[in-house]
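Okay, so here's the structure we're looking at.
Residue numbers (the UniProt record's numbering): 1 to 168.
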């Protein structure tokens, strides 16, 4: 069976574009660090992996929220719905109110499209248009308003919130 490290490494080592082998190692080690710190980890059908780390909306600490990252699918299985099915399964298992993700609109904009005013937990140069939310409890964010957020553990590292060009 493929380990989370292997899935993350292979996916990013073969991604091309902004990503190279240094990113693959960084994200694979990041996944291992998150798992060791207690983040929820899911391997889907041995070909896809993701971590979900608890995040607190400071103005609504009663909400059960997570931030998704890293998410990877082995190259030969990409574009076949594995990431979507992984997210669907994780969402059922987590029983969360809201899931956040920082990423490219073309990857996450359709699924994570709940309007919100929650700031990322770490200062980042990434545009807020890349900070997405998905309400799993309808109306969970309705009365939150503008808020900061907090994350602990490995995901609190500013490095992990940087643009790939800033990470290695």
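Backbone N, C-alpha and C fix where the C-beta goes; we use that ideal spot for every residue, glycine too.
For residue j and residue i, the rounded distance between their alpha carbons
{"i": "residue 185", "j": "residue 41", "result": "Past the boundaries of the shown model lies residue 185; the chain is included only from 1 to 168, so the question cannot be answered."}
{"i": "residue 98", "j": "residue 80", "result": "25 Å"}
{"i": "residue 127", "j": "residue 139", "result": "25 Å"}
{"i": "residue 44", "j": "residue 146", "result": "35 Å"}
{"i": "residue 105", "j": "residue 65", "result": "20 Å"}
{"i": "residue 165", "j": "residue 18", "result": "7 Å"}
{"i": "residue 116", "j": "residue 92", "result": "22 Å"}
{"i": "residue 2", "j": "residue 143", "result": "42 Å"}
Residues bridged to residue i [DSSP beta-bridge criterion]
{"i": "residue 1", "result": "Note: residue 1 sits in no beta bridge, so no partner."}
{"i": "residue 119", "result": "None; residue 119 has no bridge partner."}
Contact under 8 Å by Cβ, residue i with residue j
{"i": "residue 72", "j": "residue 48", "result": "yes"}
Beta carbon proximity, residue i to chain D, threshold 8 Å
{"i": "residue 133", "result": "Here there is only one protein chain, and chain D is not present."}
Boundaries of the beta strand (DSSP E) in which residue i is found, first to last residue
{"i": "residue 77", "result": "From DSSP, residue 77 is part of no beta strand (DSSP E); its letter is neither H nor E."}
{"i": "residue 135", "result": "131-135"}
{"i": "residue 56", "result": "48-57"}
Practice task
Say whether the region 114-125 touches the region 89-106, bearing in mind that this needs 3 or more beta-carbon pairs closer than 8 Å, one atom from each stretch.
Solution key: Counting Cβ pairs under 8 Å, three or more are found: they touch.
Problem - Any 3 or more C-beta pairs closer than 8 Å across the region 2-19 and the region 147-161 - result: The region 2-19 vs the region 147-161: no contact.
Practice task
Take every Cβ of the region 1-8, pair it with every Cβ of the region 16-35, and state whether three or more of those distances are shorter than 8 Å.
Solution key: Touching, yes, given that three or more Cβ pairs across the two stretches are closer than 8 Å.
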